[in-house]
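Chemist: Pasting a structure here, questions to come.
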Amino acid sequence: MTQKADRDQIRRQNRSVVLQALRRKGPQARIDLGRVTQLSPATVTSITSDLIAEGLVAGVDDDAQREREKGARGRPRSLLTLDGSAARVLAVKLSVNTIEMALADYGGRLVGRDVASFDSAAVTADGFGQILIDSLHRFLDELGGPPPVIVALASQGVVDDSAGTVAWSPAFAVRHVEVVAPVARAFGVPCLLSNDTNMIAEALHRTDPARYGGTFAVLFVDYGVGMGLFVNNRLFVGETGAAAEIGHANHIPGGSLCRCGRRGCLEAYLGDYALLRHARGLDLQTPPSRLPVGRETIRELIAAAHAGEQGALDAFHAGGTALGYAFARVIATLDPRRIVVTGAAADAYPLMEAAALAALEEALVADLRGSVEIEAIPWEEDLILRGTVARALHALDTEVFSDTGYGSQKEAQGG
Numbered sequence: 001m002t003q004k005a006d007r008d009q010i011r012r013q014n015r016s017v018v019l020q021a022l023r024r025k026g027p028q029a030r031i032d033l034g035r036v037t038q039l040s041p042a043t044v045t046s047i048t049s050d051l052i053a054e055g056l057v058a059g060v061d062d063d064a065q066r067e068r069e070k071g072a073r074g075r076p077r078s079l080l081t082l083d084g085s086a087a088r089v090l091a092v093k094l095s096v097n098t099i100e101m102a103l104a105d106y107g108g109r110l111v112g113r114d115v116a117s118f119d120s121a122a123v124t125a126d127g128f129g130q131i132l133i134d135s136l137h138r139f140l141d142e143l144g145g146p147p148p149v150i151v152a153l154a155s156q157g158v159v160d161d162s163a164g165t166v167a168w169s170p171a172f173a174v175r176h177v178e179v180v181a182p183v184a185r186a187f188g189v190p191c192l193l194s195n196d197t198n199m200i201a202e203a204l205h206r207t208d209p210a211r212y213g214g215t216f217a218v219l220f221v222d223y224g225v226g227m228g229l230f231v232n233n234r235l236f237v238g239e240t241g242a243a244a245e246i247g248h249a250n251h252i253p254g255g256s257l258c259r260c261g262r263r264g265c266l267e268a269y270l271g272d273y274a275l276l277r278h279a280r281g282l283d284l285q286t287p288p289s290r291l292p293v294g295r296e297t298i299r300e301l302i303a304a305a306h307a308g309e310q311g312a313l314d315a316f317h318a319g320g321t322a323l324g325y326a327f328a329r330v331i332a333t334l335d336p337r338r339i340v341v342t343g344a345a346a347d348a349y350p351l352m353e354a355a356a357l358a359a360l361e362e363a364l365v366a367d368l369r370g371s372v373e374i375e376a377i378p379w380e381e382d383l384i385l386r387g388t389v390a391r392a393l394h395a396l397d398t399e400v401f402s403d404t405g406y407g408s409q410k411e412a413q414g415g
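Structure follows, in C-alpha cells:
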C-alpha cells in the first residue's frame with residue numbers, strides 16, 4: 001500500500017512538473033519536455049497522453065517550426081501546449097475603494113478585466129463579503145462563458161490566509177474583514193488570499209525565474225511599504241500569510257506615527273504620506289489621515305526634488321536612510337541574491353540611493369552584505385494582478401490538476 005502511495009505521489013509530482021514546464025516555456029515537443037524536466041521519454045509520453053485525454057494539454061500546429069525542420073531527418077516534431085479552454089481563473093485585487101478583477105484562461109491569456117468601487121470608510125467587516133460577491137457576479141455575468149475553477153485574491157495590508165481574512169489594511173476602516181469564506185461559498189471553488197506585495201514577487205518570478213529565483217525580496221514603496229519574499233524558489237508567507245510585513249516592523253522606537261496607529265514603523269518614514277509629511281516640515285505625529293496623499297503624491301515630490309526644493313530632498317534622504325536599514329535587516333536575516341525596489345517610489349530611488357547605501361554600510365559589516373544585488377524597477381500597476389493570476393494557475397498545476405483523472409471529474413460535473 002505504501003509503495004502504491006509513493007508511486008501515486010511521484011506521478012502527481014511529475015504531472016505538475018510537466019504542466020509547469022509548458023507554462024514557463026510555451027509549446028514544446030515531448031523530447032524538449034524531457035530535457036527541461038529531466039524525466040524519461042517513457043514518463044513524458046505517458047503523462048502527456050493522460051493530460052491530452054483530460055483536456056489540459058493539446059497539440060499545436062506550428063508552421064514556423066515545420067519550416068525550420070524542413071530537410072531534417074525523421075518526422076517533424078509535434079508540439080504540445082496548455083489548452084486554454086481547460087479552465088478559467090479569477091484574480092481580484094482589493095485596494096482603497098476599489099475591486100479590480102481579471103479573468104484568465106488556463107494558458108494565462110486574459111479573457112477580460114474590470115473595476116468596481118466600494119466605500120472603504122463605510123464598509124463593515126461582515127458586510128464586505130456580499131459587496132465583493134455581487135461585484136464578481138456582475139463581472140462574470142457580463143463576460144459569459146464557463147465560470148472560474150479557482151479565485152485568487154490579493155489585498156493591501158496584513159492578510160491572514162489561515163483565517164481567510166484581511167487582518168488590517170488601508171483598504172478598510174475596520175479590521176479582520178472576511179473575504180475567503182464568502183467567495184468560496186458563493187462560487188463553490190477554492191479561494192486563495194495573498195498580500196499584494198507577495199503577488200508582485202510572484203509575477204516577477206513567473207516572468208523571469210532565472211533572474212528572480214532562489215531567494216529574493218521585493219520591497220514595495222508606495223502608499224505603504226510591503227515586502228514580497230521568495231525563499232528557495234518558493235513564495236514565503238509564514239504560518240498565517242502575514243510574513244514579510246517589514247513596513248510595520250519598528251524602525252525607530254516611539255518614532256513617527258504610522259497609518260496602522262503605532263509609532264516608529266518603517267512605513268512611517270518611507271510611505272507616501274511619510275515622505276509628504278517630512279517634505280512639508282510637519283510634526284512627525286501628524287495623523288496620516290490628515291495628509292492629502294494620492295496617486296500623484298510621490299511623482300510630485302520627485303519633481304519638487306529635481307527642482308531643488310530642500311524639503312523634498314530632505315524627505316528622500318530620510319526615506320533612503322530608512323530604506324538602507326531595511327536592506328540590512330533583510331540581508332542579515334535571509335542572505336538573498338537580489339532585492340528589488342518597486343512601487344511609485346522606484347522612480348525616486350536615484351534620490352534615495354546614496355543615503356540607502358550609506359545606511360546599509362553603517363548597519364551591516366561587509367562580510368554579511370555579500371554579493372546581494374539591489375535594483376529598482378519601474379512600477380507597473382498590472383504586476384499585482386499578473387502575479388495573482390500566476391498564483392491561481394500555479395495552484396491548479398500543483399494541486400488541483402496534479403491528480404490523474406481530472407478530465408473524468410470534469411465530465412461528471414458537466415464541465
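In UniProt numbering, the protein residues as written are 1 to 415.
Ideal Cβ placement from N, Cα and C applies to all residues, glycine included.
Return the CA-CA distance between H278 and Q285, expressed in angstroms with no decimal places.
Modeler: Walking along the sequence shown from the start, residue 278 turns up at place 278. Walking along the sequence shown from the start, residue 285 turns up at place 285. Going from the Cα of H278 to the Cα of Q285 covers about 11 Å.
Chemist: Leaving out the 5 sequence neighbours to the left and right, which residues in its chain are closer than 6 Å to S95 when beta-carbon positions are compared?
Modeler: What you label residue 95 is simply residue 95 of the sequence shown in a count that begins at 1. Same-chain partners within the cutoff: Q156 and A171.
Chemist: For the segment 304 to 345, list the beta strand (DSSP E) runs that are entirely contained and at least 3 residues long, ordered along the chain.
Modeler: Listed in chain order, the complete beta strand (DSSP E) runs (minimum 3 residues) inside the segment 304 to 345 are 338 to 342.
Chemist: Does the structure place the segment 344 to 352 close enough to the segment 367 to 386 that three or more beta carbon pairs sit under 8 Å?
Modeler: Cβ pair count under 8 Å is three or more, so yes.
Chemist: Report the residue from D6, D119 and G319 whose alpha carbon sits nearest the alpha carbon of L301.
Modeler: Within the sequence shown, residue 301 is the residue found at index 301, counting from 1. It is G319.
Chemist: Does V96 come out as helix, strand or coil in the three-state DSSP assignment?
Modeler: In the sequence shown, the residue the question calls residue 96 occupies position 96. In this structure, V96 counts as coil in the three-state DSSP scheme.
Chemist: Are L267 and G213 closer than 7 Å when you measure CB to CB?
Modeler: Working through the sequence shown from its first residue, we reach residue 267 at position 267. Working through the sequence shown from its first residue, we reach residue 213 at position 213. Sequence check: residue 267 is Glu here, not Leu. No. Outside cutoff.
Chemist: Could you tell me which of A348, R369, A304 and F316 sits nearest to R329, measuring between CA atoms?
Modeler: Position 329 of the sequence shown, counted from the start, is the residue given in the question as residue 329. R329 has its Cα closest to that of R369, out of A348, R369, A304 and F316.
Chemist: Roughly how many angstroms separate the alpha carbons of A181 and D196, rounded to a whole number?
Modeler: The residue given as residue 181 occupies position 181 in the sequence shown. The residue given as residue 196 occupies position 196 in the sequence shown. Roughly 19 Å separates the two Cα atoms.
Chemist: Can you check which of these residues, S16, G241, G164 and A390, is closest to A125 by C-alpha distance?
Modeler: The residue you call residue 125 lines up with position 125 of the sequence shown. Of the candidates S16, G241, G164 and A390, the one whose C-alpha sits nearest the C-alpha of A125 is G164.
Chemist: Have a look at A91, R259, G112 and L51 and flag the residue whose alpha-carbon is nearest the alpha-carbon of M199.
Modeler: Here residue 199 refers to the residue found at position 199 when the sequence shown is read from its first residue. Residue A91 is the option with its Cα nearest to M199.
Chemist: Which partner residues of F216 appear in the DSSP bridge assignment?
Modeler: Translated into the one-based positions of the sequence shown, residue 216 becomes position 216. For F216, which the question treats as bridged, DSSP gives the partners F230 and R338.
Chemist: Taking DSSP as the reference, what is the three-state secondary structure of G112?
Modeler: Start at 1 with the first residue of the sequence shown, and residue 112 comes out as number 112. Strand at G112.
Chemist: Taking the alpha carbon of S194 as the point to measure from, which residue in F118, R206 and A392 has its own alpha carbon closest?
Modeler: Taking the sequence shown and counting its residues from 1, the one referred to as residue 194 is at position 194. Ranking F118, R206 and A392 by Cα distance to S194 puts A392 first.
Chemist: Sort D314, D272, A303 and Q310 by Cα distance to G294 and report the nearest one.
Modeler: Residue 294 sits at position 294 when you count from the first residue of the sequence shown. The residue with the shortest Cα to Cα distance from G294 is D272.
Chemist: For H176, I'd like the list of residues in its chain whose CB is within less than 7 Å of its CB, leaving aside the five on either flank, ordered along the chain.
Modeler: By 1-based counting over the sequence shown, the position of residue 176 is 176. Cβ neighbours of H176 beyond the five flanking positions: A125, T165 and A167.
Chemist: For the 8 Å Cβ check, are there 3 or more pairs between the segment 349 to 359 and the segment 48 to 61?
Modeler: Output reads no: the segment 48 to 61 does not touch the segment 349 to 359.
Chemist: Distance check for A274 and F316, CA to CA, integer angstroms please.
Modeler: As a working note, residue 316 is residue 316 in the sequence shown. As a working note, residue 274 is residue 274 in the sequence shown. When rounded, the distance between both Cα atoms is 10 Å.
Chemist: Among the residues of its own chain, which have a CB less than 7 Å from the CB of A121, if the five just before and after it don't count?
Modeler: Sequence index remark: in the sequence shown, residue 121 carries index 121 (1-based). Excluding sequence neighbours, A121 sits near A173.
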